[in-house]
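Residue numbering for the sequence shown follows my numbering, beginning at 313 and increasing consecutively. The beta carbon of each residue, even a glycine, is placed where N, CA and C say it ideally should be. This structure is a prediction, so every number in the text was calculated from the model and none was measured. Below is one structure; the comments refer to it alone.
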Amino acid sequence: MVGLVGAALTLGRGQFLLAIFRPLWIRLAIALAFVAPAALAGYHATHGIVKHTMPSDTWQTIFSVIGAVAVGITAFVRIAGMAAATGPSGQDLART
């Protein structure tokens, strides 16, 4: 229960920060704070599956990195979607 509340607060805080800050480099830093742990979890999840199916350590590492990249890209796309939803619209940009 505590982990669920902590995750909800972290996600809410991230969305709040994406809504407040407009510079792209700050938004990328916020996105990286969410993407990096997701990619690390993707690496370890893939490695846990692959180590039971492949005897070669090299191929285990290769597939684990591919899993980390896939999870990282997915997390980045989801965070970027949240940032786009809270960012300025085309009408707001036309007014300035």
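Check                                                                                                                                                                       : Outcome
Please check the pair Arg339 and Phe346, which I expect to be a contact at CB under 8 Å, by giving their CB distance rounded to whole angstroms.                            : Actually they do not touch by this definition, with Cβ atoms about 11 Å apart.
I need the boundaries of the alpha helix (DSSP H) containing Thr365, first residue and last residue.                                                                        : Per DSSP, Thr365 belongs to no alpha helix (DSSP H) and is neither H nor E.
Drop a sphere of 10 angstroms on the beta-carbon of Gly318, count the other beta-carbons inside from all chains shown, and report buried for 16 or more, exposed for fewer. : exposed
Okay, do the segment 387–396 and the segment 346–356 touch, 3+ Cβ pairs below 8 Å being the bar?                                                                            : yes
Does the Cβ of Val383 have 16 or more other Cβ atoms within 10 Å, making it buried, or fewer, making it exposed?                                                            : buried
Go to Phe328, then tell me how far its alpha helix (DSSP H) extends in each direction, as first and last residue.                                                           : Val314 to Ile332
What is the DSSP secondary structure of Pro349, reduced to helix, strand or coil?                                                                                           : helix
State the Cα-Cα distance for the pair Gln372 and Val362, rounded to the nearest angstrom.                                                                                   : 6 Å
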